[in-house]
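Enquirer:
Protein chains: 2
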Amino acid sequence: MWAGRSFTLPVSTSDVQRVKLICHKRRSRQSNSNISKMDPKDDKRNASRCSSPVCVHNPHLDALKDDILYHFSLGTGTHNLSAMFGDVKFVCVGGSPWRMKSFIEYIAAELSMEDPKADYPNICAGTDRYAMYKIGPVLSVSHGMGIPSIAIMLHELIKLLHHAQCTDVTIIRIGTSGGIGLEPGTVVVTKQSVDPTFLPKFEQVILGKTVVRSTDLDQSLAEELLQCSKELNQFETVIGKTMCTLDFYEGQARLDGAFCSYSEQDKRDYLNKAYEAGVCNIEMESSVFAAMCKLSGLRAAVVCVTLLDRLKGDQLNSSHEVLRDYQQRPQILVGTYIKKQLKAKAARS
Amino acid sequence: MWAGRSFTLPVSTSDVQRVKLICHKRRSRQSNSNISKMDPKDDKRNASRCSSPVCVHNPHLDALKDDILYHFSLGTGTHNLSAMFGDVKFVCVGGSPWRMKSFIEYIAAELSMEDPKADYPNICAGTDRYAMYKIGPVLSVSHGMGIPSIAIMLHELIKLLHHAQCTDVTIIRIGTSGGIGLEPGTVVVTKQSVDPTFLPKFEQVILGKTVVRSTDLDQSLAEELLQCSKELNQFETVIGKTMCTLDFYEGQARLDGAFCSYSEQDKRDYLNKAYEAGVCNIEMESSVFAAMCKLSGLRAAVVCVTLLDRLKGDQLNSSHEVLRDYQQRPQILVGTYIKKQLKAKAARS
């Protein structure tokens, strides 16, 4: 039986080999009459593009008259994506819509682009699935919790950046996590995302069969972020492995979920093995984020603060003030990094 | 090596057998001095309880002084959960916060409990992870998109209902889905949730090992909902299998994601096999919802409208008005069902 046979997999096929690695460099299909004419400055910008585009790997997209980015409430037939997003160079993503709004306010101030009178409108106001904000070359997008939620967002974000003909885009996930053997408040820049057996891979089910994808992240970007944190000298930052799970409670060996069938010793043994394997922290999105960014040619990093040390407990019982302070750390580090990059670019040009 | 050995699993251990099936009937630990005294009516209500409680299966919970339901921004030490939620008999959950607010407004009107001047406050206003609304015996909670997001919500919801000493609770997920061989707008009541190989199981990774859980739903509740729809006679409703996936694009054989390595024929073959296996629709939460509700003794159903026929296309290009009409159908059916149940209960007492 087909279903039975299929279930005996995982097939360890590298998807990077399977996917036709042709980057569709076609122009975005901004064909709809509702769209205002593209910004003439775009031509100049396009002409200067000789570096990394944002790649889709899907020959079927060419057959679409319009591409509806349903969960963003945006589309090529209704929005001029090049005009709206063509200048994006940095994308920051995080779980919480509130945090991503707060990030855009922070970065606007950092880049001295803030307008005290202005509110930053949610570009995805037509839906409550995700929230999106933009200031200058920086885009801030929420992704909800867990691999499926961030994967939907990334499919549509990658298509958006592709349709908008963006180039040389750096994408950073800023988030929270449980630490392993680290002081709460430590920021972890992910070297590699690993699964719950500590292996660096992401399993994607396609047509009922499991395909294995790499979870490597950009090492030079991780090092640059670490260097940036050293110069900033405000909080401890480390580079290490991040374990990505599909569940917050049983999946992360917590003792405080609705169900728990293991002992405190079982939990301790598991987390100690994670520690020995080089895992610094645990969260729920990094594996698919790393896999999808790698496939699309995006330079990617994951920067998460640890809210507690899981070797010492499970419940998040620090005060709101302390947690708020911790949660601002990835945003401060990434904000400083973006500012530094833009300054360096301005000095070069 | 431990990690390697662990990875050679899945272990097909039934978790229902593994978990100690003792339902902790202890009273909720409403010990904190911040809490107002429990409603005296509670004693009467407790005395009459001879039916189904909401079960947690976690002996470690007893060791917690307070239980912080972090993603709800609620807790036993800060909120009187019995007073707030003790009368809950119906819980409706759905992905979108907006839709769950709209549901509570709808149900308030249906039950003639609405106050035209009143806004329905979000009980989880301290966080943007989930939204929660209540009117009388009906609780409405959003769960975001995908298995991990709904699983976090369900862990905390089950603990909340347990701490609040709720009994005889019915829980229904109302949502949207892609149909297979059905007219768009058809409502599907799930008979059984199946995985992408069409098998009725949910795999939960615990301490790095895979545990298989049943995805059976309450058959009598499904039949009652179908009967209710027949009486309502406003839209087509069927009972069938629902396929639950971890991804919206490649995981559901769509041709319009950022990546697609298969042909249109491959897609068609896969969806035809799903159709032959009895799959009526595809969504992203039903398997873990069924598994967790079964473990906790909650009477559970999944009611999703199909927004399109996946045998005919991938993109959601119906007008906003049509999609809005479709999205109201599960809410109308479940609202009618709840009203009917409460009327019948009132007639009996």
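Here the protein sequences come in this chain order: A and B. Each residue of the first sequence is one higher than the one before, starting from 34 at the first, in our numbering. Each residue of the second sequence is one higher than the one before, starting from 34 at the first, in our numbering. Just so it is clear, CB atoms sit at the ideal spot from N, CA and C, and this is done for glycine as well.
Here's the rule I'm using: 16 or more other beta-carbon atoms within 10 Å means buried, otherwise exposed. How should Asn305(B) be labelled?
Expert: Classification for Asn305(B): exposed.
Enquirer: For Met276(A), which of helix, strand or coil comes out of DSSP?
Expert: The answer is strand: DSSP assigns Met276(A) an E or B state.
Enquirer: Which class does Tyr295(B) belong to by DSSP, given the choice of helix, strand or coil?
Expert: Tyr295(B) falls in the coil class under three-state DSSP.
Enquirer: So, does the CB of Lys192(A) fall closer than 8 Å to a CB anywhere in chain B?
Expert: Yes, contact with chain B.
Enquirer: Nearest to His104(B) by alpha carbon, out of Ser296(A), Gly290(A), Ile371(A), Ala379(A)?
Expert: It is Gly290(A) whose Cα lies nearest to the Cα of His104(B).
Enquirer: How many Å lie between Glu143(A) and Gly368(A) at the Cα?
Expert: Distance between the alpha carbons of Glu143(A) and Gly368(A): 7 Å.
Enquirer: Could you work out which residues of chain B lie near Lys225(A), taking near to mean beta carbons separated by less than 7 Å?
Expert: A small fix is needed here, since residue 225(A) is Gln in this sequence, not Lys. Neighbours of Gln225(A) on chain B: none; closest Cβ ~14 Å, over 7 Å.
Enquirer: Can you give the beta carbon distance from His196(A) to Leu97(A), rounded, assuming they're within the 8 Å contact cut?
Expert: Not confirmed; about 11 Å, so no contact.
Enquirer: Rounded to whole angstroms, what is the Cα-Cα separation between Trp35(B) and Leu232(B)?
Expert: Residue placement at Trp35(B) is poorly supported in this model, since its pLDDT is 32, which falls under 50; the coordinates are not used for a value here.
Enquirer: Which term fits Ser319(B), buried or exposed, when burial requires 16 or more other beta carbons within 10 angstroms of its beta carbon?
Expert: Counting Cβ neighbours within 10 Å, Ser319(B) comes out buried, since at least 16 surround it.
Enquirer: Report, in whole angstroms, the separation of the C-beta atoms of Gln360(B) and Val338(B), which I expect to be a contact under 8 Å.
Expert: With 8 Å as the limit, Gln360(B) and Val338(B) qualify as a contact, their Cβ atoms being about 6 Å apart.
Enquirer: Indicate whether at least one CB of chain A lies closer than 8 Å to the CB of Ala184(B).
Expert: For Ala184(B), the answer is yes, since a Cβ of chain A falls inside 8 Å of its Cβ.
Enquirer: Using a cut-off of 8 Å between C-beta atoms, extract the partners of Gly177(B) located in chain A.
Expert: Those are Gly177, Met178, Gly179, Ser182, listed as they occur along chain A.
Enquirer: Check whether the segment 123-132 of chain A touches the segment 200-213 of chain A, taking contact to mean three or more Cβ pairs, one atom from each stretch, closer than 8 Å.
Expert: Counting Cβ pairs under 8 Å, three or more are found: they touch.
Enquirer: Residues of chain B with a CB under 7 Å from the CB of Cys293(A): which are they?
Expert: Neighbours of Cys293(A) on chain B, chain order: Asn91, His93.
Enquirer: Is Ala286(A) close to chain B, meaning its C-beta is less than 8 Å from at least one C-beta of that chain?
Expert: Interface residue, yes.
Enquirer: I want to see whether chain B comes within less than 8 Å of Gln364(A), judged by CB atoms only; does it?
Expert: Output row for Gln364(A): interface = no.
Enquirer: Quick check on DSSP: helix, strand or coil for Met165(A)?
Expert: If DSSP states are grouped into helix, strand and coil, Met165(A) belongs with the strands.
Enquirer: Which residues in the same chain as Leu193(B) place their Cβ atom closer than 8 Å to its Cβ, once the five residues preceding and following it in sequence are excluded?
Expert: Around Leu193(B): Leu102, Phe105, Leu107, Leu114, Phe118.
Enquirer: Provide the residue span of the beta strand (DSSP E) that contains Glu236(A), from first to last.
Expert: Residues 234-239.
Enquirer: Provide the residue span of the alpha helix (DSSP H) that contains Thr339(B), from first to last.
Expert: Careful: Thr339(B) lies outside any alpha helix (DSSP H), inside the beta strand (DSSP E) at 332-342.
Enquirer: So, is the C-beta of Asn350(B) closer than 8 Å to a C-beta in chain A?
Expert: Yes, Asn350(B) lies at the interface with chain A (some Cβ there is under 8 Å from its Cβ).
Enquirer: Restricting to Cα atoms, I'd like to know which of Val202(B), Leu240(B), Ile156(B), Ala164(B) is closest to Val87(B).
Expert: Val87(B) has its Cα closest to that of Val202(B), out of Val202(B), Leu240(B), Ile156(B), Ala164(B).
Enquirer: Among Arg332(A), Val121(A), Asp99(A), which residue has its Cα nearest to the Cα of Leu349(B)?
Expert: It is Asp99(A) whose Cα lies nearest to the Cα of Leu349(B).
Enquirer: Against Gly290(A), what residues of chain B qualify as contacts under a CB-to-CB distance less than 7 Å, listed in chain order?
Expert: By Cβ distance, chain B contributes Asn91, His188.
Enquirer: Let me make sure I understand the geometry here. Which of His188(A), Cys277(A), Glu216(A) has the alpha-carbon closest to that of Thr223(A)?
Expert: Selected option, being the one with the closest Cα: Cys277(A).
Enquirer: Mapping the DSSP letters down to three states, classify Cys261(B) as helix, strand or coil.
Expert: Reduced to three states, the DSSP call for Cys261(B) is helix.
Enquirer: Thr369(A) lies in the alpha helix (DSSP H); which residues open and close that run?
Expert: Element bounds for Thr369(A): 353-381.
Enquirer: Quick one: is Ala333(A) buried, meaning 16 or more other Cβ sit within 10 Å of its Cβ, or exposed?
Expert: Buried, by the Cβ-count rule.
Enquirer: State yes or no: is the C-beta of Glu257(B) within less than 8 Å of the C-beta of Tyr370(B)?
Expert: Yes, the Cβ-Cβ distance between Glu257(B) and Tyr370(B) is below 8 Å.
Enquirer: Residues of the segment 270-285 of chain B in Cβ contact with chain A at a cutoff of 8 Å, in chain order, please.
Expert: Correct list: Thr278, Leu279, Asp280, Phe281, Tyr282, Glu283, Gly284.
Enquirer: Taking a cut of 7 Å between CB atoms, which residues from the segment 234-249 of chain A lie near chain B?
Expert: Answer in chain order: Gln237, Val238, Ile239, Leu240, Gly241.
Enquirer: With a Cβ-Cβ cutoff of 8 Å, do Ile178(B) and Gly177(A) count as a contact?
Expert: The amino acid at residue 178(B) is misidentified as Ile; the sequence shows Met. Going by C-beta atoms, Met178(B) is nearer than 8 Å to Gly177(A).
Enquirer: Give the interface partners of Thr109(B) over in chain A, defined as CB-CB distance under 9 Å, in chain order.
Expert: Within 9 Å Cβ-Cβ: nothing; Thr109(B) doesn't reach chain A, min ~11 Å.
Enquirer: Chain B partners of Arg384(A), CB-CB under 9 Å?
Expert: Because chain A is modelled from 34 through 382, residue 384(A) falls outside the range shown and cannot be assessed.
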